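Taking it in order: structure first as structure tokens, then the write-up.
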Amino acid sequence: MKYLSIDQCDAFYGDQKVLECVSLDVDKGDVVSLIGPSGSGKSTLLRVLVGLNQPTSGRILLEGEAIDYKNRRSLKKARERFAIVFQQYNLFQNMTVLKNVTVAPVKIQGRPKKEVEAEAVLLLEKVGLGEKLKSYPDELSGGQQQRVAIARSLALKPEILLLDEVTSALDPELVTEVLDTIRLLAKEGRTMIIVSHEMGFVLEVSSKIAFMDAGRIIEVGEPRKILEQPDTDRAREFMGKILRH
Amino acid sequence: MWERIAEELPRFFTYYNVIFFLKAMFTTFLLSLVGCLLGSVMGGVLAVIKITKSNLLRPLRIAAVVYVEFFRRIPFLVTLLLIFFVFQALGLEVSVFTVAVVSVWIIATAFIAEIVRSGLEAVPKTQWEAAEVLNFNLRQTLKMVILPQAWKVILPPAFSFFVLFIKDTALASQIGVVELTYSAKVLNNKGFSAALAFGFVLLLYYTISYPLTKFGTWMEKKIEIS
Amino acid sequence: MNYTIHFSQVVEYIPYLIGGAWISLQVAFLAFCGGMVIGLFGAMAKTFGGRMTRMVVDAYVSFITNTPQLVQIYFLYFALPEVGILMNSYQAVLLGMTLNAGGYLTEIQRAGFLSVRQSELEAAETLGMNLMQKVRYVILPHIMKVLFPSLSNLYILMTLGTSMAAIFGLEELTGRALNINAETFRSIEVFSLTALLYIVVTVVASLLLLAVGRVFFRVKGKVF
Numbered sequence: 003m004k005y006l007s008i009d010q011c012d013a014f015y016g017d018q019k020v021l022e023c024v025s026l027d028v029d030k031g032d033v034v035s036l037i038g039p040s041g042s043g044k045s046t047l048l049r050v051l052v053g054l055n056q057p058t059s060g061r062i063l064l065e066g067e068a069i070d071y072k073n074r075r076s077l078k079k080a081r082e083r084f085a086i087v088f089q090q091y092n093l094f095q096n097m098t099v100l101k102n103v104t105v106a107p108v109k110i111q112g113r114p115k116k117e118v119e120a121e122a123v124l125l126l127e128k129v130g131l132g133e134k135l136k137s138y139p140d141e142l143s144g145g146q147q148q149r150v151a152i153a154r155s156l157a158l159k160p161e162i163l164l165l166d167e168v169t170s171a172l173d174p175e176l177v178t179e180v181l182d183t184i185r186l187l188a189k190e191g192r193t194m195i196i197v198s199h200e201m202g203f204v205l206e207v208s209s210k211i212a213f214m215d216a217g218r219i220i221e222v223g224e225p226r227k228i229l230e231q232p233d234t235d236r237a238r239e240f241m242g243k244i245l246r247h
Numbered sequence: 007m008w009e010r011i012a013e014e015l016p017r018f019f020t021y022y023n024v025i026f027f028l029k030a031m032f033t034t035f036l037l038s039l040v041g042c043l044l045g046s047v048m049g050g051v052l053a054v055i056k057i058t059k060s061n062l063l064r065p066l067r068i069a070a071v072v073y074v075e076f077f078r079r080i081p082f083l084v085t086l087l088l089i090f091f092v093f094q095a096l097g098l099e100v101s102v103f104t105v106a107v108v109s110v111w112i113i114a115t116a117f118i119a120e121i122v123r124s125g126l127e128a129v130p131k132t133q134w135e136a137a138e139v140l141n142f143n144l145r146q147t148l149k150m151v152i153l154p155q156a157w158k159v160i161l162p163p164a165f166s167f168f169v170l171f172i173k174d175t176a177l178a179s180q181i182g183v184v185e186l187t188y189s190a191k192v193l194n195n196k197g198f199s200a201a202l203a204f205g206f207v208l209l210l211y212y213t214i215s216y217p218l219t220k221f222g223t224w225m226e227k228k229i230e231i232s
Numbered sequence: 020m021n022y023t024i025h026f027s028q029v030v031e032y033i034p035y036l037i038g039g040a041w042i043s044l045q046v047a048f049l050a051f052c053g054g055m056v057i058g059l060f061g062a063m064a065k066t067f068g069g070r071m072t073r074m075v076v077d078a079y080v081s082f083i084t085n086t087p088q089l090v091q092i093y094f095l096y097f098a099l100p101e102v103g104i105l106m107n108s109y110q111a112v113l114l115g116m117t118l119n120a121g122g123y124l125t126e127i128q129r130a131g132f133l134s135v136r137q138s139e140l141e142a143a144e145t146l147g148m149n150l151m152q153k154v155r156y157v158i159l160p161h162i163m164k165v166l167f168p169s170l171s172n173l174y175i176l177m178t179l180g181t182s183m184a185a186i187f188g189l190e191e192l193t194g195r196a197l198n199i200n201a202e203t204f205r206s207i208e209v210f211s212l213t214a215l216l217y218i219v220v221t222v223v224a225s226l227l228l229l230a231v232g233r234v235f236f237r238v239k240g241k242v243f
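The structure is reproduced here in structure tokens:
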């Protein structure tokens, strides 16, 4: 039995089909990267997993149990196990860094505030922001905000971390600090699904890469193989374009 | 005209008339204030209903849209008369002040619902999504994330609606509410010059409305800076 | 409660009410046009005028926008005769509504003036246009596009505002409703029907304005 299994999922955005018969397996401790041209459905796939887009057909199984996205309780349970970090960080603008990290565990999961805060401080120190507890998001750089967002999602102790182009909105000099944080998480053996355009980074951390185009997964495999000797023409063409940059 | 006014002035500003005007002024102010406060509560509820997505709430959503669109297209005077007669038909013995407050409430609900809705929509969709994936329910999302950000967008126009309605409540004089306009009519009927009676009441309206308008502009700037 | 709803008695009055709605629209239209002219001069005075002119316009706008329209019309109707200016109720209502609209439209059009780009004005200057020509060829076309939404909004509010003409005995929509009410005593039916007609009239007006905006001023927008 697979840990996470996406089974022939379709999804629509308005009238447009954005995911078509997508299947993907993820094992515990896997770091799976989704690559491909923009608009190929990579982000949509992550959004489907956390129920921000509804799959119209197909199933998503976690440890053999299908998630029913139409059922509140099932969706709630799924969202406790997945955590997503967005491209635009999406920190709550009206809360301090510490509050951003602690609000969900305390107010939603009802855990003791003291305990959560102690954990949050550790997490923020881990991402290098132990000094910024009392700052508001608009006082931080993009890279710092993104690291807070990562800490926020970790505070809920998710099993699978979904990273949606987390460095795309950042200035080049800020990318490294965020990638370092993710590297750290990969070393800890966290299960992650990453959407990224940083090919070097993807090659380094991934245990598996899926190439997507036009809403489909075209090719899945070993990182080096997909990046260097893909089987399909479309993947070859894409890699060619990327490498020429 | 000026000689007549000068001649009438001492009789016009007797103790009882001044008290009468002050009371009327208070009524005018209260009418808009209470109506708009009640309207804010109901308007807030309607705005939240309007932004829900669930299929289950669809009938409620349609009702909210119809309410908001209809009551923004009915003159306040017609609403006043309609509510007045509805209370009468129901056999409810309520004061005309209550009738007027209910009418303000009904209209204010529709306008404030739109103000609140656009305030809620001014908060980026990504903030809603972030709350959603952290398992916030609608109430928690509104209370902890959206309202703390949206109130800055909602408060200034809601306040100017309140100030605007202070003037519209002049129409409540038509069903017999003793507010400022009514008080001018009473004194005019007692034989005082219309220029004096209505002129003075215009001045009183101005002394309520002008500072409040200025305060509203000041508040809007203050909020913008913070 | 011993009131039963009978719409049957008021149905025959529907054409009479529709006639009233037509008058409401006309009153609103006349007052709006008058107000546009006042507002245009007001806005020009505030943008290009000297200190005194600006102060006079400011006082006018401030007075109009901080006092109720109803009391303004009362003043015109009851107080002006004391200085020998006699008006019938129709004239008083129309003058009152026009002056009132003028105040609001001064503010709206001034905002439009401010939004005209300085570079366009300078271009007009180099073309040797005088003030009237600048207004006619540069400023007006620009502000109509920018202001069309707030102008249509005001027009709808003014249409609703015409209902207070009934207080002065005008037989527009609300006035006619009062007449029917006095005749039939079917108050709830009459006034709910009237309310419905106001909704229909303003929705139709909104649709027409939308079409006008699309065709003449390239404004995108929605009715609701």
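Chains as they are written, first to last, in the numbering used here: chain A, 3 to 247; chain B, 7 to 232; chain C, 20 to 243. Note that beta-carbon positions come from the ideal geometry of N, C-alpha and C, so glycine has one too. Since the model is a prediction, treat every value here as computed from it, not as a measurement.
- Not a single C-beta of chain C is nearer than 8 Å to the C-beta of B/Thr-147.
- Contact with chain B is found for A/Phe-94, since one of that chain's Cβ atoms lies less than 8 Å from the residue's Cβ.
- Residues of chain C with a Cβ closer than 9 Å to the Cβ of B/Tyr-188 do not exist, since the nearest Cβ in that chain sits about 11 Å away.
- Identification of chain A residues near B/Glu-138 by a Cβ-Cβ cut-off of 9 Å yields Val-52, Gly-53, Leu-54 and Arg-81, ordered along the chain.
- One alpha carbon belongs to B/Ala-178, the other to B/Trp-134, and they sit about 42 Å apart.
- What B/Gly-205 touches in chain C, judged by beta-carbon distance under 9 Å, is Phe-94 and Ala-98, going in chain order.
- Identification of chain B residues near A/Phe-88 by a Cβ-Cβ cut-off of 8 Å yields Thr-132, Glu-135 and Ala-136, ordered along the chain.
- Assigned with DSSP and collapsed to three states, A/Lys-101 falls in helix.
- In this structure, A/Ala-85 and A/Ser-7 do not form a Cβ contact; the two beta carbons are roughly 19 Å apart against a cut-off of 8 Å.
- When the five nearest sequence neighbours on each side are left out, the beta carbons in the same chain lying within less than 6 Å of the beta carbon of C/Lys-65 are those of Arg-73, Val-76 and Arg-129, in order along the chain.
- In terms of CA proximity to A/Glu-206, A/Asp-32 leads the group A/Asp-32, A/Val-99 and A/Leu-63.
- In the structure shown, C/Pro-34 adopts helical secondary structure according to DSSP, grouped into three states.
- Using a Cβ-Cβ cut-off of 7 Å, B/Pro-154 is close to Asn-96 of chain A, given in chain order.
- Annotated three-state conformation of A/Thr-58 is strand, per DSSP.
- Secondary structure of A/Gln-111 (DSSP, three-state): coil.
- Look at the beta carbons and you see the stretch 47-64 of chain C touching the stretch 115-127 of chain C: at least three pairs across the two are nearer than 8 Å.
- Using a CB distance cut-off of 8 Å, B/Lys-173 counts as an interface residue toward chain C.
- Judged by beta-carbon spacing, B/Ala-119 lies within the 8 Å limit of B/Val-74, meaning their Cβ atoms are closer than that value.
- Excluding sequence positions up to five before and after A/Lys-136, its CB lies within less than 6 Å of the CB of Thr-98, all in the same chain and listed in chain order.
- Closer than 7 Å at the C-beta level to chain B, one finds these residues of the stretch 104-134 of chain A: Val-105, Ala-106, Lys-109 and Ile-110.
- Every alpha helix (DSSP H) stretch that sits fully inside the stretch 65-125 of chain B and reaches 4 residues is listed by chain position as 82-95.
- For B/Thr-175, there is no enclosing beta strand (DSSP E), as DSSP marks it with neither H nor E.
- In the DSSP assignment, B/Met-225 falls within the alpha helix (DSSP H) that extends over 200-231.
- In the structure shown, the three-state DSSP call for C/Gly-194 is helix.
- Looking at the backbone, the Cα of C/Gln-152 and that of C/Phe-236 are separated by about 19 Å.
- Close partners of C/Ala-143 in chain B (Cβ separation under 8 Å) are lacking, with about 32 Å as the shortest Cβ gap.
- Using a C-beta cut-off of 8 Å, the stretch 205-221 of chain B makes contact with the stretch 166-174 of chain B, since at least three inter-stretch Cβ pairs fall below that distance.
- DSSP places A/Ile-211 in the uninterrupted beta strand (DSSP E) bounded by 210-215.
- Apart from the 5 residues on each side of it in sequence, C/Tyr-96 sits with its Cβ closer than 7 Å to the Cβ of Met-106, Ser-108, Ala-111 and Phe-187 in its chain, given in chain order.
- Taking a Cβ-Cβ threshold of 8 Å, none of the residues of chain B is close to C/Ala-130; the smallest such distance is about 14 Å.
- Excluding residues up to 5 positions away in sequence, Ile-175, Thr-178 and Leu-179 lie with their Cβ nearer than 8 Å to the Cβ of C/Thr-221 in the same chain.
- Runs of alpha helix (DSSP H) with 4 or more residues, each lying fully within the stretch 50-95 of chain A, are found at 74-83, listed in chain order.
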